[in-house]
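As they're listed, the protein sequences go chains A and B. First residue of the first sequence: 125, per my numbering; consecutive thereafter. First residue of the second sequence: 663, per my numbering; consecutive thereafter. C-beta: ideal position from N, C-alpha, C; glycine also.
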Amino acid sequence: MPLKTGERDRCATGLEGLDTILYGGIPRSNTVLLTGSCGTGKTSLALEFLIHGAQKGENSLFVSVTENSEKLLANIIPYKFFDKSLIKSGRLVFVDLPIMYERLGMTKAELSMEEIDLLVAAISDLVTELGTKRLVIDSITSVCYKLKTSEKIRDFILKLGKSLSDLNCTTILVGEVSAESTSYSSFGVEEAIADGIVLMANMERRGDLLRTLQVIKMRGTMHSRAKYVLDLTPMGVLLVPLLKGGSTA
Amino acid sequence: MTLDQMGPQKIAAELSEMPPASAISLQMSVDNYLDVIRGVLDLFANKKGMDTIYVTATISSEAIKRVLQALDIDTSRIYFVDCISHIMMGASAAQQDDHTTLVESPTMLENLMLKVEYLIRRSQSKDKLVVIDSINSLAIHNNNWILSEFLHILVSGLRSREAFTIILSVEEHSTPEINNMVNLVCDHGIRAGKEG
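What follows is the structure, given as structure tokens:
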């Protein structure tokens with residue numbers, strides 16, 4: 125469908141419910157913070173975003189920070205639509221960031237400003253080399269732990285976001301927050317810089333724990349601000365509206 | 663339509679007259695349950711080659727399977743979303759199989775919708791039937807406001823996917839509020855209970 129004047133090209137996530145919430149998908153080249161506490165389904169959602177992209181012929185890259193990619197793939201939901209040939213063909217690539225740190229000689233606990241530039245350049249070079257159109261970094265919080273100060277985190281995310289946007293790459297940065305957190309990010313910086321924030325959470329209602337998803341902001345598009353309940357299934361992430369009659373808020 | 667103790671043949675015939683993607687309220691009597699089961703699952707859905715998603719909130723899926731076996735009804739195309747076995751009988755995830763999906767509690771109405779959605783997407787069948795057994799049992803665990811919202815979203819979604827929906831209610835346990843709630847989302851009503 126041709127775009128209306130002024131409307132940005134979309135990167136359809138392939139998750140039917142999320143694309144509906146986003147009026148067609150993430151505006152292409154946006155950097156989105158996908159944040160939430162543990163066990164809310166962030167990695168599964170991010171992975172599905174990449175698989176759907178790879179299936180559509182968009183080269184997709186998963187940068188794993190906390191878990192090595194072999195272990196990640198071993199624990200992946202047995203998606204009915206996941207074809208391992210996507211990995212063999214290079215459409216879907218997994219890279220472990222700790223290996224990149226090692227190759228770049230970043231062995232210290234804290235990265236310097238020069239090393240931040242080097243890391244941004246290394247990720248951008250990889251994206252260019254692979255022709256990546258969809259990128260996930262899981263998790264950005266773990267990278268931030270190596271940056272320590274708000275200034276360095278701001279500098280890193282701004283430079284990375286700008287570089288990836290210039291490369292027309294749509295990026296999901298997976299963020300981790302504690303279940304009690306009222307902020308959308310651990311360091312309070314990531315949320316301010318990202319073009320979009322998708323919040324995943326566990327919501328308790330009368331003793332039942334529901335997995336929820338809510339788009340908090342998304343530059344370049346209108347979007348629903350309602351809360352949805354999700355399920356991680358072999359057919360992918362499914363979403364239904366949260367029934368308001370039972371809302372605790 | 664009011665018919666005294668409508669038999670399974672008559673129930674199936676009534677359902678067969680309904681257009682695709684219809685939502686039907688089927689009110690039955692407690693004594694009429696087996697006739698309804700046979701009419702809906704065997705003579706209607708199985709005969710038409712429909713995949714059936716059976717949401718059970720009244721008795722466990724295991725118990726219904728035993729009933730179906732006793733009635734000699736083919737269950738190969740029937741998929742259960744069981745809302746009560748986990749919370750009331752401690753059924754574990756290990757008891758789930760290709761034909762049975764457990765929802766932790768009948769209060770988790772969103773999860774119930776998600777399981778139905780999953781089974782709809784997984785189904786290869788062109789025609790699909792979703793049976794809710796029963797609205798009265800769900801009403802024990804949920805207030806009318808949330809239940810009404812649930813029915814509206816569920817039935818609208820199923821209609822958009824061209825699935826056939828049957829909402830069972832038990833005449834003896836129904837209230838005017840529940841009847842109104844069901845009538846609001848259904849296109850047609852069938853009374854298979856006692857003549858009133």
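CB of residue i within 9 Å of CB of residue j, strictly
| i | j | result |
| --- | --- | --- |
| Asp697 of chain B | Tyr741 of chain B | no |
| Val313 of chain A | Leu158 of chain A | no |
| Lys283 of chain A | Val251 of chain A | no |
| Thr336 of chain A | Tyr780 of chain B | no |
| Ala246 of chain A | Leu235 of chain A | no |
| Ser209 of chain A | Leu196 of chain A | no |
| Leu703 of chain B | Val793 of chain B | yes |
| Ser831 of chain B | Asn841 of chain B | yes |
| Ser767 of chain B | Asp332 of chain A | yes |
| Thr295 of chain A | Asn192 of chain A | no |
| Gly344 of chain A | Tyr203 of chain A | no |
| Cys745 of chain B | Met770 of chain B | yes |
| Ile673 of chain B | Ala854 of chain B | yes |
| Glu182 of chain A | Arg258 of chain A | yes |
| Leu367 of chain A | Glu811 of chain B | yes |
| Ile808 of chain B | Ala685 of chain B | no |
| Leu677 of chain B | Phe706 of chain B | yes |
| Lys180 of chain A | Met324 of chain A | no |
| Ser747 of chain B | Leu764 of chain B | yes |
| Gly285 of chain A | Ala318 of chain A | yes |
| Ile201 of chain A | Ser161 of chain A | no |
| Asn806 of chain B | Glu839 of chain B | yes |
| Pro670 of chain B | Gly701 of chain B | yes |
| Ala801 of chain B | Ala683 of chain B | no |
| Val743 of chain B | Lys790 of chain B | no |
| Ile852 of chain B | Ser687 of chain B | yes |
Closest residue to residue i among the options (Cα-Cα distance)
| i | options | result |
| --- | --- | --- |
| Tyr339 of chain A | A:Val260, A:Ser305, A:Tyr147, A:Leu367 | The sequence as given places Val at residue 339 of chain A; Tyr does not occur at that position. Of A:Val260, A:Ser305, A:Tyr147, A:Leu367, the residue nearest in Cα terms is A:Tyr147. |
| Cys848 of chain B | B:Met668, B:Glu839, B:His835, B:Ser818 | B:Ser818 |
| Val692 of chain B | B:Glu833, B:Met770, B:Asn842 | B:Glu833 |
| Phe311 of chain A | A:Asn292, A:Asn326, A:Ile281 | A:Ile281 |
| Arg739 of chain B | B:Ile686, B:Asn805, B:Thr837, B:Ile782 | B:Ile782 |
| Ala170 of chain A | A:Thr144, A:Leu216, A:Arg132 | A:Leu216 |
| Glu275 of chain A | A:Tyr225, A:Gly141, A:Met237, A:Pro202 | A:Met237 |
| Leu813 of chain B | B:Ser822, B:Ala825, B:Ile797, B:Glu824 | B:Ile797 |
| Leu271 of chain A | A:Pro202, A:Ser168, A:Tyr225 | A:Tyr225 |
| Glu109 of chain A | A:Cys268, A:Phe186, A:Gly299 | The structure shown does not extend to residue 109 of chain A, since chain A is modelled only from 125 to 373, so the question has no answer here. |
| Asp262 of chain A | A:Gly299, A:Arg134, A:Thr306, A:Gly369 | A:Gly299 |
| Ser722 of chain B | B:Asp795, B:Asp789, B:Gly711 | B:Asp795 |
| Glu304 of chain A | A:Gly255, A:Glu131, A:Asn326, A:Asp143 | A:Asn326 |
| Gln860 of chain B | B:Ile699, B:Pro681, B:Glu772 | This structure cannot settle anything about residue 860 of chain B, because the visible part of chain B is limited to 663 through 858. |
| Pro151 of chain A | A:Leu334, A:Ala350, A:Pro365, A:Gly320 | A:Gly320 |
| Thr720 of chain B | B:Glu839, B:Val778, B:Met751 | B:Met751 |
| Asp220 of chain A | A:Ser287, A:Leu174, A:Val260 | A:Val260 |
| His803 of chain B | A:Ile277, A:Arg330, A:Thr265, A:Ile223 | A:Arg330 |
| Leu288 of chain A | A:Ser213, A:Ser184, A:Met346 | A:Ser184 |
| Arg349 of chain A | A:Leu139, A:Thr144, A:Gly255, A:Ser302 | A:Thr144 |
| Ala178 of chain A | A:Gly255, A:His347, A:Asp279 | A:Gly255 |
| Ile175 of chain A | A:Arg134, A:Pro365, A:Leu139 | A:Leu139 |
| Ser266 of chain A | A:Pro222, A:Asp249, A:Asp279 | A:Pro222 |
For residue i, the residue or residues it bridges with in DSSP
| i | result |
| --- | --- |
| Ile277 of chain A | Paired residue(s): none; Ile277 of chain A is not in a bridge. |
| Leu158 of chain A | A:Val298, A:Val322 |
| Thr718 of chain B | B:Asp744, B:Asp795 |
| Cys848 of chain B | Beta-bridge pairing links Cys848 of chain B to no other residue. |
| Ile829 of chain B | B:Ser687, B:Ile794 |
| Cys135 of chain A | A:Ile150 |
| Leu764 of chain B | B:Asp744 |
| Met342 of chain A | A:Gly320 |
| Gly360 of chain A | A:Thr357 |
| Lys351 of chain A | A:Gln338 |
| Asp262 of chain A | A:Ser188, A:Val298 |
| Asp713 of chain B | B:Lys790 |
| Asp859 of chain B | Past the edges of chain B, shown from 663 to 858, lies residue 859 of chain B, and the structure says nothing about it. |
| Pro365 of chain A | A:Tyr352 |
| Asp759 of chain B | B:Thr762 |
Any non-hydrogen atom of the ligand GDP within 8 Å of residue i CB
| i | result |
| --- | --- |
| Leu291 of chain A | This structure lacks the ligand GDP, and indeed carries no ligand of any kind. |
Original post:
According to a CB-to-CB cut-off of less than 9 Å, which residues of the region 344-369 of chain A neighbour chain B?
Top reply: Result list: Tyr352, Val353, Leu354, Asp355, Thr357, Pro358, Met359, Gly360, Leu362, Leu363, Val364, Pro365, Leu366, Leu367, Lys368, Gly369.
Original post:
Counting only runs that start and end within the region 274-338 of chain A, where is the beta strand (DSSP E) found for 3 or more residues in a row?
Top reply: Taken in chain order, the complete beta strand (DSSP E) segments of 3 or more residues contained in the region 274-338 of chain A are 294-300, 320-329.
**OP:** Scan the region 322-336 of chain A for residues whose Cβ lies nearer than 7 Å to a Cβ of chain B and list them as they occur along the chain.
**Re:** If the cut-off is 7 Å between Cβ atoms, the region 322-336 of chain A has Arg330, Asp332, Leu334 near chain B.
Subject >> Runs of alpha helix (DSSP H) wholly within the region 197-245 of chain A (minimum 4 residues, chain order) >> reply: Runs found: 209-212, 221-227.
Original post:
Relative to chain A, which residues along the region 767-797 of chain B have a C-beta separation below 8 Å, given in chain order?
Top reply: When CB distances to chain A are screened at a threshold of 8 Å, the residues of the region 767-797 of chain B falling below it are Ser767, Thr769, Met770, Leu771, Glu772, Asn773, Met775, Leu776, Lys777, Glu779, Tyr780, Arg783, Arg784, in chain order.
Subject >> beta strand (DSSP E) segments (min. 3 residues) lying fully within the region 159-194 of chain A >> reply: Fully enclosed beta strand (DSSP E) runs of 3 or longer: 184-188.
Subject >> Members of the region 812-845 of chain B that neighbour chain A once the beta carbon cut-off is set at 7 Å >> reply: Going along the region 812-845 of chain B in chain order, one finds Phe812, Ile815 with a Cβ nearer than 7 Å to chain A.
**OP:** Mind checking the region 685-697 of chain B against chain A and listing, in chain order, the residues whose C-beta falls within less than 7 Å of any C-beta there?
**Re:** Residues of the region 685-697 of chain B with a Cβ closer than 7 Å to any Cβ of chain A: none.
**OP:** With 7 Å as the limit, tell me which residues of the region 698-730 of chain B have their beta carbon closer than that to any beta carbon of chain A; keep them in chain order.
**Re:** Listed by position along the chain: nothing, the set is empty.
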